[in-house]
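Working notes, structure below.
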Amino acid sequence: LKEQGLYDAEKIKEVISEADSDNDGRIDYSEFVAMMRKGTAGAEPMNNKKRRDVVL
Numbered sequence: 001l002k003e004q005g006l007y008d009a010e011k012i013k014e015v016i017s018e019a020d021s022d023n024d025g026r027i028d029y030s031e032f033v034a035m036m037r038k039g040t041a042g043a044e045p046m047n048n049k050k051r052r053d054v055v056l
């Protein structure tokens, strides 16, 4: 992820903090589901080439 420019420790901490509703430092299944239902508002859209490059 770091090589693809998708690794940002501060952003990861922010996402975990937003999803971690019980503030235990972890995202459990129900928190994960809630995060996925909320969507990725504000996230940078990923075009097909970038998505493919990340997978490969």
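Residues in the sequence shown are numbered from 1 upward in steps of one, following full-length UniProt numbering. We put the CB at the ideal spot given by N, CA and C, even for glycine.
- Around residue 19, the same chain offers 27, 31, 35 as residues with beta carbons nearer than 6 Å, after the five sequence neighbours per side are excluded.
- In the displayed model, residue 29 falls within a helix according to three-state DSSP.
- The C-alpha of residue 5 lies about 28 Å from the C-alpha of residue 24.
- Assignment of residue 21 by DSSP, reduced to helix, strand and coil, places it in the coil class.
- Take the alpha-carbon of residue 2 and the one of residue 9: they are about 10 Å apart.
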